[in-house]
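> Below you'll find the structure I mean.
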Amino acid sequence: MSLSIERIVFYKCPICKTQRKTERLIQQCLESCLEIQRAEKIHSDRINTVRLQATSSEHFAELIIKYSKEWYNVEVRFDSIPDRLQLCNASHNSPVGLPTNWCGRNDDKGYLSYYLGYSGNWKGEVSGRIPNLGKVDYGTFGEVGRWAGIAFIEAMFPGMNLGSGNGGQNFRQDGILFMRDFPLMREVVVHPALMLLSPDAVEREHIEHLVREDEFEKTYKQKQARDI
Ligand SMILES: [Zn+2]
Numbered sequence: 016m017s018l019s020i021e022r023i024v025f026y027k028c029p030i031c032k033t034q035r036k037t038e039r040l041i042q043q044c045l046e047s048c049l050e051i052q053r054a055e056k057i058h059s060d061r062i063n064t065v066r067l068q069a070t071s072s073e074h075f076a077e078l079i080i081k082y083s084k085e086w087y088n089v090e091v092r093f094d095s096i097p098d099r100l101q102l103c104n105a106s107h108n109s110p111v112g113l114p115t116n117w118c119g120r121n122d123d124k125g126y127l128s129y130y131l132g133y134s135g136n137w138k139g140e141v142s143g144r145i146p147n148l149g150k151v152d153y154g155t156f157g158e159v160g161r162w163a164g165i166a167f168i169e170a171m172f173p174g175m176n177l178g179s180g181n182g183g184q185n186f187r188q189d190g191i192l193f194m195r196d197f198p199l200m201r202e203v204v205v206h207p208a209l210m211l212l213s214p215d216a217v218e219r220e221h222i223e224h225l226v227r228e229d230e231f232e233k234t235y236k237q238k239q240a241r242d243i
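Numbered by this note's numbering, the letters in the sequence shown go through residues 16 to 243 in order.
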């Protein structure tokens, strides 16, 4: 009588830590995990280049159309984009790296209730397959591999803030572009030197607000650095 010993070996993917029963399965897991890691790296290299290049809200829209096609093979059309320059409410959205201030609840911490930016409507159409970019969060819309919608653009292009409205592929939503997220736009639209040449009351308010935003950003980031 011979004793048979069944060997059970589990392999663990070094990236996602999933256990697999065969070498072939672990090889497949590793390959797809590496693919996602590569995509994530490319995405994180790209993610802020668009907002840093845009010189106006029209230009931002043009760049979204161009790069959605070039990078992700996703088609975008805009019929309307936010274009009213004003102080925009920070209850639900805020510039990258700065806090919202829901209904002024954090006024006592010195948080701002408004930031200068463009408000208006995003209206248009998106079509194409949502690419798998690992940790990229497509919000309530997306599942990788399904048809792209407005949530795809929001995830791909920081600086685009969506408010209420509807739509995946055919969308119509409120939106805000905060000037702080677009350094070139800010230079072009509200350059302090130009403001001195034409001291219009509204422009003056905008410039003064930008100065308050600068001060707030500085103290907020100093505090964050201390808290870490
Ligand atoms: Zn894996």
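Where is the CB? At the ideal position from N, CA and C, for every residue including glycine. From a predicted model like this one, the values you see are computed outputs, not experimental measurements.
For Cys44, count neighbouring Cβ atoms within 10 angstroms of its own Cβ and tell me buried if that reaches 16, exposed if not.
buried
> Check whether the Cβ of Leu45 sits closer than 7 Å to any heavy atom of ligand 1, and report yes or no.
yes
> Quick one: what's got a C-beta closer than 7 Å to Thr115's C-beta in the same chain, skipping five residues either side?
Ala105, Ser106, His107, Asn108 and Ser109
> Compare the Cα-Cα distances from Gly190 to each of Pro198, Leu199, Gly174 and Glu202 and report the closest residue.
Gly174
> Tell me, which residues are paired with Ser95 by DSSP?
According to DSSP, Ser95 bridges with Lys138.
> Taking Val204 as the reference, which of Arg161, Phe167, Gly132 and Tyr235 has the closest Cα?
Gly132
> Going by DSSP in three states, Leu148 sits in which element: helix, strand or coil?
coil
> Counting only runs of 3+ residues fully inside the region 44-125, write out the beta strand (DSSP E) ranges in chain order.
Annotation: the region 44-125 contains the following complete segments of the beta strand (DSSP E) (minimum length 3 residues), in chain order: 90-95 and 99-104.
> What number of angstroms, rounded off, separates the C-alpha of Ser72 from the C-alpha of Arg241?
35 Å
> Would you tell me roughly how many angstroms separate the C-alpha atoms of Lys36 and Asn181, rounded to the nearest one?
Lys36 and Asn181: Cα-Cα distance of roughly 45 Å.
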